[in-house]
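S.K.:
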Amino acid sequence: MTTNIAKPKPAIPDLPVAVLLAGLSIGFFAVVALVTGETAQLSGEGIAGLLQRMVALGLVALGQTFVILVGSIDLSVAALISAVAVLASHVMQGDPAMMLPAVLLCLGFCAVVGFVNGALVAYGGINPLIVTLGTGLIIQGVLAASFGVLQGAVAREFQVIAYGSVLGVPYSLLLLATLSLAAGFVLDRTLFGARIYAVGGNPDGARLAGIRTERVILSAHMVASLFAGAAGLYLAARLQSGTPWIGRDGIYDLESIAVTVIGGTILAGGKGGVAGTLAGVLLFATLDAGFNMLGIDAFLKQVLRGAIVIAAVAVHAVRTKGHVA
Amino acid sequence: MMTVPQTSASLRRPARIAINAGLVIFIALYAAIGFLQPNYLEPGLFMNFLRRAAPLVILACGQLYVILTGGFDLSMGAVATLVVLAASILINGDPDTTWAVIGALYVMGVSIGLVNGFVVAFLKVPSIITTLGTMLLVNGLALAWSGGAARGDLPDNFRNLGRLVWRDVSVIGTLPLAAVVLAGFVALAWFGLNGTVYGKRALAVGDNPRAAELAGTPVAATRILAFVVSAVSAVTAGILLGGFSGVSVNAGEGLELQAIAACVIGGAQLLGGRGSVWSAVFGALSLFALFTLLNLLGLPQALRDSIQGVILIAAVGASMWRTRRRN
Amino acid sequence: MTMRTLLATTVALTFAGQALAQDFNDPAEFKKQREQLSMTPQGPEGQPWAQHLGDGMVDTAKYKKDGQVTLCFSNAGVFNPWRVVGLNNLNAEAELHKDRLQQLIVVDAEGKDDKQISDIEALVSGGKCDALIVSPNTTAALTPAVEAACAKLPVIVFDRGVNTSCPVTYIHPVGGYGFGITSGEFIASKLKKGDNVLALRIMPGVDVLETRYSAAKNIFDEAGINVVGSEFTGSDRAKTKSVVEDYINRGEKIDAVWMDAGDTATAALEAFEDAGLPYPVISGEDQQDFLRKWQSEKLTAIGPSYPTYQWRTAVIAALDVLDGKQVPGPEWVLPQPAITEDVLAKYIDERMPPLHYSLCGCQELPGYPERWGGK
Numbered sequence: 273m274t275t276n277i278a279k280p281k282p283a284i285p286d287l288p289v290a291v292l293l294a295g296l297s298i299g300f301f302a303v304v305a306l307v308t309g310e311t312a313q314l315s316g317e318g319i320a321g322l323l324q325r326m327v328a329l330g331l332v333a334l335g336q337t338f339v340i341l342v343g344s345i346d347l348s349v350a351a352l353i354s355a356v357a358v359l360a361s362h363v364m365q366g367d368p369a370m371m372l373p374a375v376l377l378c379l380g381f382c383a384v385v386g387f388v389n390g391a392l393v394a395y396g397g398i399n400p401l402i403v404t405l406g407t408g409l410i411i412q413g414v415l416a417a418s419f420g421v422l423q424g425a426v427a428r429e430f431q432v433i434a435y436g437s438v439l440g441v442p443y444s445l446l447l448l449a450t451l452s453l454a455a456g457f458v459l460d461r462t463l464f465g466a467r468i469y470a471v472g473g474n475p476d477g478a479r480l481a482g483i484r485t486e487r488v489i490l491s492a493h494m495v496a497s498l499f500a501g502a503a504g505l506y507l508a509a510r511l512q513s514g515t516p517w518i519g520r521d522g523i524y525d526l527e528s529i530a531v532t533v534i535g536g537t538i539l540a541g542g543k544g545g546v547a548g549t550l551a552g553v554l555l556f557a558t559l560d561a562g563f564n565m566l567g568i569d570a571f572l573k574q575v576l577r578g579a580i581v582i583a584a585v586a587v588h589a590v591r592t593k594g595h596v597a
Numbered sequence: 146m147m148t149v150p151q152t153s154a155s156l157r158r159p160a161r162i163a164i165n166a167g168l169v170i171f172i173a174l175y176a177a178i179g180f181l182q183p184n185y186l187e188p189g190l191f192m193n194f195l196r197r198a199a200p201l202v203i204l205a206c207g208q209l210y211v212i213l214t215g216g217f218d219l220s221m222g223a224v225a226t227l228v229v230l231a232a233s234i235l236i237n238g239d240p241d242t243t244w245a246v247i248g249a250l251y252v253m254g255v256s257i258g259l260v261n262g263f264v265v266a267f268l269k270v271p272s273i274i275t276t277l278g279t280m281l282l283v284n285g286l287a288l289a290w291s292g293g294a295a296r297g298d299l300p301d302n303f304r305n306l307g308r309l310v311w312r313d314v315s316v317i318g319t320l321p322l323a324a325v326v327l328a329g330f331v332a333l334a335w336f337g338l339n340g341t342v343y344g345k346r347a348l349a350v351g352d353n354p355r356a357a358e359l360a361g362t363p364v365a366a367t368r369i370l371a372f373v374v375s376a377v378s379a380v381t382a383g384i385l386l387g388g389f390s391g392v393s394v395n396a397g398e399g400l401e402l403q404a405i406a407a408c409v410i411g412g413a414q415l416l417g418g419r420g421s422v423w424s425a426v427f428g429a430l431s432l433f434a435l436f437t438l439l440n441l442l443g444l445p446q447a448l449r450d451s452i453q454g455v456i457l458i459a460a461v462g463a464s465m466w467r468t469r470r471r472n
Numbered sequence: 008m009t010m011r012t013l014l015a016t017t018v019a020l021t022f023a024g025q026a027l028a029q030d031f032n033d034p035a036e037f038k039k040q041r042e043q044l045s046m047t048p049q050g051p052e053g054q055p056w057a058q059h060l061g062d063g064m065v066d067t068a069k070y071k072k073d074g075q076v077t078l079c080f081s082n083a084g085v086f087n088p089w090r091v092v093g094l095n096n097l098n099a100e101a102e103l104h105k106d107r108l109q110q111l112i113v114v115d116a117e118g119k120d121d122k123q124i125s126d127i128e129a130l131v132s133g134g135k136c137d138a139l140i141v142s143p144n145t146t147a148a149l150t151p152a153v154e155a156a157c158a159k160l161p162v163i164v165f166d167r168g169v170n171t172s173c174p175v176t177y178i179h180p181v182g183g184y185g186f187g188i189t190s191g192e193f194i195a196s197k198l199k200k201g202d203n204v205l206a207l208r209i210m211p212g213v214d215v216l217e218t219r220y221s222a223a224k225n226i227f228d229e230a231g232i233n234v235v236g237s238e239f240t241g242s243d244r245a246k247t248k249s250v251v252e253d254y255i256n257r258g259e260k261i262d263a264v265w266m267d268a269g270d271t272a273t274a275a276l277e278a279f280e281d282a283g284l285p286y287p288v289i290s291g292e293d294q295q296d297f298l299r300k301w302q303s304e305k306l307t308a309i310g311p312s313y314p315t316y317q318w319r320t321a322v323i324a325a326l327d328v329l330d331g332k333q334v335p336g337p338e339w340v341l342p343q344p345a346i347t348e349d350v351l352a353k354y355i356d357e358r359m360p361p362l363h364y365s366l367c368g369c370q371e372l373p374g375y376p377e378r379w380g381g382k
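As you go down the protein sequences, you meet chains D, X and E in turn.
In this text, residue positions in the first sequence follow the numbering used here: the first is 273, and each later residue adds one.
In this text, residue positions in the second sequence follow the numbering used here: the first is 146, and each later residue adds one.
In this text, residue positions in the third sequence follow the numbering used here: the first is 8, and each later residue adds one.
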């Protein structure tokens, strides 16, 4: 019984979706840059700028991939990002000595939120949409109510995360790359990863196979919250100080779900992976950059983005056998 | 009073239980309002409460159809916004065109519902993503069309649908037209689920689409129709919203999540299989009573969000707990 | 002592709204803006967008560039009608300078700080821009990006500012305190001591809005006027109307309504209509629907403004800088007029949409009124 869950192969191969999507995105970006004469965007600096557009959403989406793979979902990430950014700048107050305590406190807070989300979903049996919508509202409310006393700015040294680079490669990209590799490794090569696929693909089967499904769901939620925390810390470094609306204004909740699903991860859980999610994030980044170069009207952009989200998912979803809701 | 069968597997439960979840919360919250502000117990203010709650209740009824079949409709807030902006641009202050435009708005709504339904049923895109896409698309269209700000004008005969209040009505004192629209819509929504074969089909599809299909239920048609009903409810709510307070570009913002929350508070089960029109109606009334109560308490605005979050989780947690205990 | 500090902190956390107000309550700035309101502007008569208050000028000879130029504009977004009107002003102003202006590149950050930083970086690295105009989404967040841009090309900032003095000039009207002073003093002059005023606000935490409220609140407190409530409406008409109805239903006597932005003013007035009550004294803004209602219902009202004509000034300043002309700086303070009853009629234009901002200074610009949605 335990053998068939040890190494689950995704039914839809993860890589082709990711490669196709990434290829299309890069092609779109290159063509737009050439057509509009913005060839400077194809230089090293331009490409680094494009990839930097991926970092915040990419970090959130990596975490979202974990919860979606396990058959859950997390809408509280947007509020959590705001909370972390505000908390980090409040604790640091520009003092480099407070960097480590602030980071630890923020990640600790994220772990608690992830634990609460996970516990309510896994042990309370409450629908994850409602749980995370609720916790998101709670965090957002407390944050907005106490923002007046939670002001401050991160330390200059901390902003290196967002603005520093080595050999022309921004640290933030290295951070995203490292965490992506780590997430990919965990999902593909570890027992925990195998369990995530097993629980998402067939919870009853996983339980019969002796997996404590509740624990796996809870852990996935903690992973998602920690990744949201990483995104919040990155944004705090980039924006110097957090405001209680950066998560909501960035629509990181719905966008992280959208890119994950565009990347081929199935909402029901059990199929998908990190590569696809990153390709989805790259698509969104190239759309942002490309629409800028084309000078597309802000409202029209929204229309196009809506249509592209549907089309991008439809391309691989249409082959699904059976029903989706 | 009849309710639809709860799930294909379980026994038909008495109507009492389906009503209880939302109704109990609503009565408790409204009692608290009455305790703080006794004049809210007068018929006049209760009618005014209904007038303001009407759009949310109607949206919740529409959302319930989609929830019963196992999906979500995130696009309804955007549709309501589109309706308000489109009505004001198309009517542009000319009362003679009001009814024709309202007809056109329903056609527009039905088409959006059809698109949602087709994408979900045939392209197999999960409804949460499909309707997220149409939400962006419809919102963008509405803003592009209006240029990003309110345009045109709504004549009185349109505004009346959400604004008119008949005074000196016997027994109840005052009667808002919106409350009449609300009653009519709820009756239709109830009939759709209880007076026709559709209700059983929707529950069957939401509970287990594969089994429903094998039993001969037209799964795709059932899904598509749910999205059409949902969009029609969004158009109706949009008309009432525009009537109540006039044109604005954020008329429908956030209403989709409130409608989902309302259904769930009222006892409907996400991903299908359980729920009745009463869960939507009383869930929405409860949510609106909660907003009013928090307004009356005069808490800092931001904390009201937090309390809403707590209530949401608590309501659903309590209903989960009841269900488990019963089984 | 410790107990008291603890208690104070708890109270501060609980009533964070008040703590917030204190952060935006700067007596020196209040005084400065009060003086600026009554100052006579310098510059061409009848063209407030080209005028300025105060004497400071900055030299821009080093930025002089001959021939056709490209201007780049990083916009925070067009998420409200004020910004929609403003963007139209900016585009129309650019059209006036076709001979000098080769291209105006506008990128929209959709209200996201992170995106606006990337947008500015891309504009600067793209190498096409001769000057950069920025309307920041958030003051602190955009500071590093603007600093980096300053090193490469002349930068002009308007509306919300940045925490650095590197831009050539920062264009803004008198400011939030001025807005609150104009509206607060008008209401205070129409009410008696002990009367009630309801404050309706868009949202908390935005500096240009918080200062409006803190200024008005100071004036109300001084005049002994009772602020019965301060509510956030999110610019939502339905919410505004519901909030006012709730106050009316509670039996509160509302003598005046103060608003930090006028886009939902008519919705607030409708709540009084529906309840069969007389209209309160009200402060709105320069939107057409409010002005029309004011005229037709003969309201006791005032329309302070945060003029959208500053979007024109941004283009004018950028081109002046590239011409090497002196421009007002390091802050270019624009006059901030208010609409009062005696000048009301001249600001009403029946052709314009309800949320058109009358102080757009756009009546003479190409494409008026169609570009702004008029007919």
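The beta-carbon is built from N, C-alpha and C at its ideal position, and this holds for glycine as well.
Note that this is a predicted model, so its numbers are computed, not measured.
Are the beta-carbon atoms of Arg-219 of chain E and Asp-267 of chain E separated by less than 7 Å?
M.R.: For the purposes of this step, residue 219 of chain E is taken as the residue at position 212 of the third sequence. For the purposes of this step, residue 267 of chain E is taken as the residue at position 260 of the third sequence. The answer is yes: Cβ separation under 7 Å.
S.K.: Looking at Val-175 of chain E: is its Cβ nearer than 7 Å to the Cβ of Ile-163 of chain E?
M.R.: The sequence position of residue 175 of chain E within the third sequence is 168, counting from 1. The sequence position of residue 163 of chain E within the third sequence is 156, counting from 1. Yes, they are a contact pair.
S.K.: Any idea if Arg-469 of chain X is buried or exposed, counting beta-carbon neighbours within 10 angstroms, 16 or more meaning buried?
M.R.: To locate residue 469 of chain X, count along the second sequence from 1; it is residue 324. Per the 10 Å Cβ criterion, exposed.
S.K.: Taking just the CA atoms, how far does Ala-289 of chain X sit from Pro-180 of chain E?
M.R.: Working through the third sequence from its first residue, we reach residue 180 of chain E at position 173. Working through the second sequence from its first residue, we reach residue 289 of chain X at position 144. C-alpha separation (whole angstroms): 29 Å.
S.K.: Quick one: is Lys-300 of chain E buried, meaning 16 or more other Cβ sit within 10 Å of its Cβ, or exposed?
M.R.: Translated into positions along the third sequence, residue 300 of chain E becomes position 293. That one is buried.
S.K.: Using a Cβ-Cβ cut-off of 8 Å (strictly less than) and excluding sequence neighbours within five positions of Leu-103 of chain E, which residues of its own chain qualify?
M.R.: Translated into the one-based positions of the third sequence, residue 103 of chain E becomes position 96. If you ignore the 5 residues before and after Leu-103 of chain E, its C-beta comes within less than 8 Å of the C-beta of Leu-372, Pro-373, all in its own chain and listed in chain order.
S.K.: Tell me the DSSP secondary structure of Tyr-185 of chain X in three-state form.
M.R.: Working through the second sequence from its first residue, we reach residue 185 of chain X at position 40. Helix, per DSSP.
S.K.: Comparing C-alpha positions only, which one of X:Ser-378, X:Val-364, X:Ala-356 sits nearest to Phe-330 of chain X?
M.R.: Here residue 330 of chain X refers to the residue found at position 185 of the second sequence. Considering only alpha carbons, the answer is X:Ser-378.
S.K.: Assuming Ala-138 of chain E contacts Leu-160 of chain E under a Cβ cut-off of 8 Å, what Cβ separation, rounded to an integer in Å, is found between them?
M.R.: Numbered from 1 along the third sequence, position 131 holds the residue referred to as residue 138 of chain E. Numbered from 1 along the third sequence, position 153 holds the residue referred to as residue 160 of chain E. That belief holds up - the Cβ atoms of Ala-138 of chain E and Leu-160 of chain E are roughly 6 Å apart, short of 8 Å.
S.K.: Taking one C-beta from the segment 198–205 of chain X and one from the segment 252–268 of chain X each time, how about it: are there three or more such pairs within less than 8 Å?
M.R.: no
S.K.: Measure the CB-CB distance between Val-91 of chain E and Ala-294 of chain X and report whether it falls below 7 Å.
M.R.: Walking along the third sequence from the start, residue 91 of chain E turns up at place 84. Walking along the second sequence from the start, residue 294 of chain X turns up at place 149. Cβ distance < 7 Å, so Val-91 of chain E and Ala-294 of chain X count as in contact.
S.K.: Can you find a CB in chain D that lies within less than 7 Å of the CB of Lys-119 of chain E?
M.R.: By 1-based counting over the third sequence, the position of residue 119 of chain E is 112. At least one chain D Cβ lies under 7 Å of Lys-119 of chain E.
S.K.: Using a Cβ-Cβ distance cut-off of 7 Å, determine whether Gln-125 of chain X contacts chain E.
M.R.: Here chain X covers residues 146 to 472 and nothing more, so residue 125 of chain X does not appear.
S.K.: Counting only runs of 3+ residues fully inside the segment 72–136 of chain E, write out the beta strand (DSSP E) ranges in chain order.
M.R.: 76–82, 108–115
S.K.: Tell me where the alpha helix (DSSP H) around Tyr-254 of chain E begins and ends.
M.R.: Translated into positions along the third sequence, residue 254 of chain E becomes position 247. Start and end: 244–256.
S.K.: Check the Cβ of Ser-272 of chain X against every Cβ in chain D and list those closer than 8 Å, keeping chain order.
M.R.: Locating residue 272 of chain X in the second sequence gives position 127, counting from the first residue. Residues of chain D passing the Cβ test: Val-596, Ala-597.
S.K.: Pick out whichever of X:Val-326, X:Ala-177, X:Gly-443, X:Ser-431 has its Cα sitting closest to the Cα of Asn-305 of chain X.
M.R.: Indexing the second sequence from 1 puts residue 305 of chain X at position 160. Nearest of X:Val-326, X:Ala-177, X:Gly-443, X:Ser-431 to Asn-305 of chain X, Cα basis: X:Val-326.
S.K.: Can you list, in chain order, the residues of the segment 448–461 of chain X whose Cβ is nearer than 7 Å to any Cβ on chain E?
M.R.: none
S.K.: Helix, strand or coil: which one does DSSP assign to Pro-335 of chain E?
M.R.: Indexing the third sequence from 1 puts residue 335 of chain E at position 328. Here Pro-335 of chain E sits in strand by DSSP.
S.K.: Please determine, among D:Ala-434, D:Val-304, D:Val-385, D:Gly-544, the residue with the shortest C-alpha to C-alpha distance to Gly-456 of chain D.
M.R.: Locating residue 456 of chain D in the first sequence gives position 184, where the first residue counts as 1. For Gly-456 of chain D, the closest of D:Ala-434, D:Val-304, D:Val-385, D:Gly-544 by C-alpha to C-alpha distance is D:Gly-544.
S.K.: Just how far apart, CA to CA, sit Ala-232 of chain X and Tyr-70 of chain E?
M.R.: To locate residue 232 of chain X, count along the second sequence from 1; it is residue 87. To locate residue 70 of chain E, count along the third sequence from 1; it is residue 63. Cα to Cα, Ala-232 of chain X sits roughly 50 Å from Tyr-70 of chain E.
S.K.: Applying the 10 Å Cβ sphere with the 16-neighbour rule, what's the burial state of Gln-453 of chain X?
M.R.: The sequence position of residue 453 of chain X within the second sequence is 308, counting from 1. So Gln-453 of chain X counts as buried.
S.K.: List the residues of chain X that Val-533 of chain D touches, going by C-beta distances under 8 Å, in chain order.
M.R.: Numbered from its first residue, the first sequence carries residue 533 of chain D at position 261. Going along chain X in sequence order, the residues near Val-533 of chain D (Cβ under 8 Å) are Pro-271, Ile-274.
S.K.: Measuring only the C-alpha atoms, how far is Val-596 of chain D from Lys-269 of chain X?
M.R.: Here residue 596 of chain D refers to the residue found at position 324 when the first sequence is read from its first residue. Here residue 269 of chain X refers to the residue found at position 124 when the second sequence is read from its first residue. Each residue's alpha carbon lies about 6 Å from the other.
S.K.: Does the segment 431–448 of chain X come within contact of the segment 169–176 of chain X, defined as at least 3 CB pairs closer than 8 Å?
M.R.: yes
S.K.: Note down the Cα distance separating Leu-448 of chain D from Leu-334 of chain D, rounded to an integer number of angstroms.
M.R.: Locating residue 448 of chain D in the first sequence gives position 176, counting from the first residue. Locating residue 334 of chain D in the first sequence gives position 62, counting from the first residue. The straight-line gap from Cα to Cα measures roughly 9 Å.
S.K.: From the DSSP output, in three-state form, read off Ala-315 of chain X for me.
M.R.: Within the second sequence, numbered from 1, the residue matching residue 315 of chain X stands at position 170. Inspection of the sequence shows that residue 315 of chain X is occupied by Ser rather than by Ala. In this structure, Ser-315 of chain X counts as coil in the three-state DSSP scheme.
S.K.: How far does the alpha helix (DSSP H) with Ala-413 of chain X in it extend, from its first residue to its last?
M.R.: Within the second sequence, numbered from 1, the residue matching residue 413 of chain X stands at position 268. Careful: Ala-413 of chain X lies outside any alpha helix (DSSP H) and carries neither H nor E.
S.K.: Closest to Ala-459 of chain X by CA distance: which of D:Thr-404, D:Ile-529, D:Pro-368 is it?
M.R.: As a working mapping, residue 459 of chain X is identified with position 314 in the second sequence. Nearest option by C-alpha distance: D:Thr-404.
S.K.: Just the chain D side, please: which residues come within less than 8 Å of Ile-112 of chain E by C-beta, in chain order?
M.R.: Start at 1 with the first residue of the third sequence, and residue 112 of chain E comes out as number 105. The contacting residues are Gly-567.
S.K.: If you pair each beta-carbon of the segment 562–572 of chain D with each one of the segment 233–243 of chain X, do three or more pairs fall below 8 Å?
M.R.: Not touching, per the Cβ criterion.
S.K.: Where do the N-terminal and C-terminal ends of the alpha helix (DSSP H) with Met-210 of chain E fall, by residue?
M.R.: Within the third sequence, numbered from 1, the residue matching residue 210 of chain E stands at position 203. First-last for Met-210 of chain E: undefined, no H or E at that position.
S.K.: Does Gln-512 of chain D have its Cβ less than 7 Å from a Cβ in chain E?
M.R.: What you label residue 512 of chain D is simply residue 240 of the first sequence in a count that begins at 1. Residue contact check for Gln-512 of chain D against chain E: a CB pair falls below 7 Å.
S.K.: Using only alpha-carbon positions, find the residue among D:Ala-374, D:Gly-330, D:Phe-338 that is nearest to Ala-470 of chain D.
M.R.: Translated into positions along the first sequence, residue 470 of chain D becomes position 198. The candidate whose alpha carbon is nearest that of Ala-470 of chain D is D:Phe-338.
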